[in-house]
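Engineer: One structure is given below, represented as structure tokens, and several questions about it will come after.
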DNA sequence: GAGTGGTCTAGACCACGGC
DNA sequence: CCGTGGTCTAGACCACTCG
């Protein structure tokens, strides 16, 4: 009942006013998050049962439950009745394309074949550095690729990754890759994408983009800038996608 | 404990396989939803306290609580500690523009002045009828309007409403309107928008749209088709917005 | 059958808002 | 001060999964 636990601050960064009071389950939530971040339980693995965690943290099972509830709605954990609670992973069919909202007008939203254009290590330009919250000039990895639908290019992605976290990422590594990118990031580099923010605009296809996407110059394209965050609200990927929306649309739900 | 309550189905439409078991709190949730739908409690008003509802439904307070929790996360109810639980309403500054995701590159996302172009009653074209799940030819109301930012047109909206639910909606009524549209819909027609789905594309400005938005013909515009639902998952509004995204962007969060 | 998460209860106490 | 929602507990039972 008393606050035996460290870090009385609730998750989500420093608030405008210190809350001066933090519910127990928020503290538990922070502790579990820390274990996830520290890799005590790996993606796909089960975490200890609710009763076990309750004993470890010296709180009731209901309190642990509420903490896990929130982490589950934030997609950090996945509950499976009768089996246990598991660390969320990109290595699952169902959540494979959690962040790709592009749907074809006709047909299924299945896997899209892809072609990598380049993969280079370089120093971060000012705008990229600012988005990724690193210093201008620090190392980054740039990846460019195309996604196809029925043999037609539909998406041109320009991806920038924080260099420090993606040491061994090379063009060779990508060319032999069959899994989704985020799966690779998770399994090879221990970087799990938690959430993302997107800024969407309509733009006119420039010469290079038009050629790659096989559309006339000046054709309207959807520009989707995405900033992806990992544990601890740290941005690790900034990408800009150009979508040809003549046969696809971007789907969004408002609640 | 025993299922004294009617309608054992959980909310959310017919499932692929009948659940054959419905938690009590889901049944309570359905009952509360029905009261909301039936207008027992009006938008902005408080609903009975948790203990009171617990007595009425002959369940424990915790069970009512869980039902209300879900309705609150679905934005049907709003909890206010120390005061009570209230029916959500569009008549609040904070939730005023819940569905408008357009953000200016610079400056605040404040209110956008607007100008109504027309408001007509007519028979639903096939595509509109299909989206609104009514018969082709049934009455609908069409509203067209412009939204401005710093004296420049930014959004051109083409709105279609199910005629049966918006009987007294006229151009005069709109011209003297100062509140947001959804506020009017709620207070005058008893239609509250609960959730919406959007399909987003990049399109080229056609002659008429280009003129109204004061952009060159062929300029890239964001096309945002929105289908809005009210209680019971019934679609009541279909709109198509054309956004000029040279000084604004569409913001989205992925979780 | 044993172990997991899921539901439900009853009761205690805390934080907040308003009279 | 009281009534509201918010937290926490302890214990019971149910539904699901797997050996």
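Protein chains in written order, with the working numbering: chain A, 12 to 266; chain B, 12 to 266.
For every residue, glycine included, the Cβ atom is placed at its ideal position computed from N, Cα and C.
(1) Can you give me the C-alpha to C-alpha distance between residue 222 (chain B) and residue 254 (chain B), rounded to a whole angstrom?
(2) Return the first residue and the last residue of the alpha helix (DSSP H) that residue 236 (chain B) is part of.
(3) Compare the C-beta of residue 35 (chain B) against all C-beta atoms of chain A and say whether one is closer than 8 Å.
(4) Considering just the uninterrupted stretch of the alpha helix (DSSP H) at residue 91 (chain A), what are its terminal residues?
(5) When DSSP builds the beta bridges, which residues end up paired with residue 190 (chain A)?
(6) At the 8 Å Cβ level, is residue 241 (chain B) part of the contact set with chain A, yes or no?
(7) Considering only residues of the stretch 82-144 of chain A, which uninterrupted beta strand (DSSP E) runs meet the minimum length of 3 residues and lie entirely inside it, listed in chain order?
(8) Under the assumption that residue 239 (chain B) contacts residue 247 (chain B) (Cβ atoms under 8 Å), give the Cβ distance between them as a whole number of angstroms.
(9) In this structure, how does DSSP classify residue 45 (chain A) when only helix, strand and coil are distinguished?
(10) Determine, using beta carbons only, whether residue 100 (chain A) and residue 55 (chain A) come nearer to each other than 8 Å.
(11) Alpha carbon to alpha carbon, what distance is there between residue 133 (chain B) and residue 141 (chain B)?
(12) Report yes or no: do the stretch 163-177 of chain B and the stretch 145-155 of chain B share at least 3 C-beta pairs separated by less than 8 Å?
(13) Does the beta carbon of residue 11 (chain A) come closer than 8 Å to any beta carbon on chain B?
(14) At least one CB of chain B closer than 8 Å to the CB of residue 188 (chain A): is that the case?
(15) How is residue 226 (chain A) classed by DSSP in three states: helix, strand or coil?
(16) Residue 267 (chain A): which of B:266, B:178, B:211 and B:229 sits nearest, CA to CA?
(17) Flag residue 229 (chain A) as yes if its beta-carbon sits less than 8 Å from any beta-carbon of chain B, otherwise no.
(18) Please report how far the alpha carbon of residue 46 (chain B) lies from the alpha carbon of residue 251 (chain B), in whole angstroms.
(19) With a threshold of 8 Å between beta-carbons, can residue 210 (chain B) be considered close to chain A, or not?
(20) Within 10 Å of its beta-carbon, does residue 38 (chain A) have 16 or more other beta-carbons around it, so buried, or fewer, so exposed?
(21) Taking residue 264 (chain B) as the query, report the chain A residues whose CB atoms sit under 8 Å from its CB, ordered along the chain.
(22) Measuring alpha carbon to alpha carbon, tell me which of A:216, A:203 and A:35 ends up nearest residue 48 (chain A).
(23) Please list, in chain order, the chain B residues whose beta carbon lies closer than 8 Å to that of residue 110 (chain A).
(24) CB residue 200 (chain B) to CB residue 176 (chain B), shorter than 8 Å?
(25) Just the chain A side, please: which residues come within less than 7 Å of residue 244 (chain B) by C-beta, in chain order?
(26) Return the CA-CA distance between residue 65 (chain A) and residue 86 (chain A), expressed in angstroms with no decimal places.
(27) For residue 187 (chain A), count the other beta carbons within 10 Å of its own beta carbon; 16 or more makes it buried, fewer makes it exposed. Which is it?
(28) Which class does residue 51 (chain B) belong to by DSSP, given the choice of helix, strand or coil?
(29) State the start and end residues of the unbroken beta strand (DSSP E) segment that holds residue 265 (chain B).
(30) What residues of chain B sit near residue 215 (chain A), judged by a beta carbon separation below 8 Å?
(31) Should residue 40 (chain A) be labelled buried (16 or more other beta-carbon atoms within 10 Å of its own) or exposed?
(32) List the residues of chain B that residue 86 (chain A) touches, going by C-beta distances under 8 Å, in chain order.
(33) Return the bridge partner residues of residue 168 (chain B) from the DSSP annotation.
(34) Roughly how many angstroms lie between the CA atoms of residue 220 (chain A) and residue 120 (chain B), to the nearest whole one?
(35) I think residue 206 (chain B) touches residue 265 (chain A), with their Cβ atoms under 8 Å apart; what is that distance to the nearest whole Å?
(36) Which same chain residues end up closer than 6 Å to residue 256 (chain B) when comparing Cβ atoms and leaving out the 5 residues on each side of it in sequence?
Structural biologist: Reading from the atomic positions:
(1) Here residue 222 (chain B) refers to the residue found at position 211 of the second chain. Here residue 254 (chain B) refers to the residue found at position 243 of the second chain. When rounded, the distance between both Cα atoms is 13 Å.
(2) Translated into positions along the second chain, residue 236 (chain B) becomes position 225. It is not in any alpha helix (DSSP H) - residue 236 (chain B) instead sits in the beta strand (DSSP E) that spans 231-241.
(3) The residue you call residue 35 (chain B) lines up with position 24 of the second chain. So, not an interface residue.
(4) Here the question's residue 91 (chain A) lines up with position 80 in the first chain. Counting along the chain, residue 91 (chain A) falls outside any alpha helix (DSSP H), though it belongs to the beta strand (DSSP E) covering 88-91.
(5) Sequence index remark: in the first chain, residue 190 (chain A) carries index 179 (1-based). None, per the DSSP bridge assignment.
(6) Counting from 1 along the second chain, the entry for residue 241 (chain B) is found at position 230. No, residue 241 (chain B) does not count as interfacial toward chain A.
(7) 88-91, 95-98, 113-115 and 125-134
(8) As a working note, residue 239 (chain B) is residue 228 in the second chain. As a working note, residue 247 (chain B) is residue 236 in the second chain. The Cβ separation is near 6 Å, so the contact holds.
(9) On the first chain, position 34 is the one that residue 45 (chain A) refers to. If DSSP states are grouped into helix, strand and coil, residue 45 (chain A) belongs with the helices.
(10) Here residue 100 (chain A) refers to the residue found at position 89 of the first chain. Here residue 55 (chain A) refers to the residue found at position 44 of the first chain. Contact: yes.
(11) Numbered from 1 along the second chain, position 130 holds the residue referred to as residue 141 (chain B). Numbered from 1 along the second chain, position 122 holds the residue referred to as residue 133 (chain B). Answer to the nearest angstrom: the Cα atoms are 15 Å apart.
(12) yes
(13) Since the displayed chain A opens at 12 and closes at 266, residue 11 (chain A) lies outside it and no answer follows.
(14) The sequence position of residue 188 (chain A) within the first chain is 177, counting from 1. Not an interface residue.
(15) Residue 226 (chain A) sits at position 215 when you count from the first residue of the first chain. Residue state, collapsed to three classes: coil.
(16) Residue 267 (chain A) falls outside the range modelled here, since chain A spans only 12 to 266, and no answer is possible.
(17) In the first chain, the residue the question calls residue 229 (chain A) occupies position 218. Output row for residue 229 (chain A): interface = yes.
(18) Counting from 1 along the second chain, the entry for residue 46 (chain B) is found at position 35. Counting from 1 along the second chain, the entry for residue 251 (chain B) is found at position 240. Straight-line Cα distance between these residues: approximately 32 Å.
(19) Position 199 of the second chain, counted from the start, is the residue given in the question as residue 210 (chain B). By this cut-off, residue 210 (chain B) is an interface position.
(20) Along the first chain, one-based indexing puts residue 38 (chain A) at 27. Buried, since its Cβ has 16 or more Cβ neighbours within 10 Å.
(21) Here the question's residue 264 (chain B) lines up with position 253 in the second chain. Within 8 Å Cβ-Cβ: 206, 207, 208 and 209.
(22) Stepping through the first chain from its first residue, residue 48 (chain A) is reached at position 37. The residue with the shortest Cα to Cα distance from residue 48 (chain A) is A:203.
(23) As a position in the first chain, residue 110 (chain A) is number 99, starting the count at 1. Going along chain B in sequence order, the residues near residue 110 (chain A) (Cβ under 8 Å) are 265.
(24) The residue labelled residue 200 (chain B) in the question sits at position 189 within the second chain. The residue labelled residue 176 (chain B) in the question sits at position 165 within the second chain. It is a contact, given that the beta carbons lie within the stated cut-off.
(25) Start at 1 with the first residue of the second chain, and residue 244 (chain B) comes out as number 233. Chain A residues near residue 244 (chain B): none, gap ~13 Å exceeds 7 Å.
(26) Along the first chain, one-based indexing puts residue 65 (chain A) at 54. Along the first chain, one-based indexing puts residue 86 (chain A) at 75. The alpha-carbon atoms of residue 65 (chain A) and residue 86 (chain A) are separated by roughly 21 Å.
(27) Counting from one through the first chain, the residue named residue 187 (chain A) turns up at place 176. By the neighbour-count rule (16 or more Cβ atoms within 10 Å), residue 187 (chain A) is not buried but exposed.
(28) On the second chain, position 40 is the one that residue 51 (chain B) refers to. Residue 51 (chain B) falls in the coil class under three-state DSSP.
(29) Taking the first residue of the second chain as 1, we reach residue 265 (chain B) at position 254. Run containing residue 265 (chain B): 259-265, per the beta strand (DSSP E) assignment.
(30) Residue numbering aside, residue 215 (chain A) sits at position 204 when the first chain is read from its first letter. Near residue 215 (chain A) (Cβ distances below 8 Å), the residues of chain B are 230 and 231.
(31) Taking the first chain and counting its residues from 1, one reaches residue 40 (chain A) at position 29. Residue 40 (chain A) comes out buried.
(32) For this step, residue 86 (chain A) is matched to residue 75 along the first chain. Correct list: 266.
(33) Here the question's residue 168 (chain B) lines up with position 157 in the second chain. BP columns for residue 168 (chain B) point to B:156 and B:252.
(34) For this step, residue 220 (chain A) is matched to residue 209 along the first chain. For this step, residue 120 (chain B) is matched to residue 109 along the second chain. When rounded, the distance between both Cα atoms is 31 Å.
(35) Residue numbering aside, residue 206 (chain B) sits at position 195 when the second chain is read from its first letter. Residue numbering aside, residue 265 (chain A) sits at position 254 when the first chain is read from its first letter. Yes, residue 206 (chain B) and residue 265 (chain A) are in contact; Cβ-Cβ is about 6 Å, under 8 Å.
(36) Within the second chain, the letter at position 245 stands for residue 256 (chain B). So the list reads 233, once near-sequence residues are dropped.
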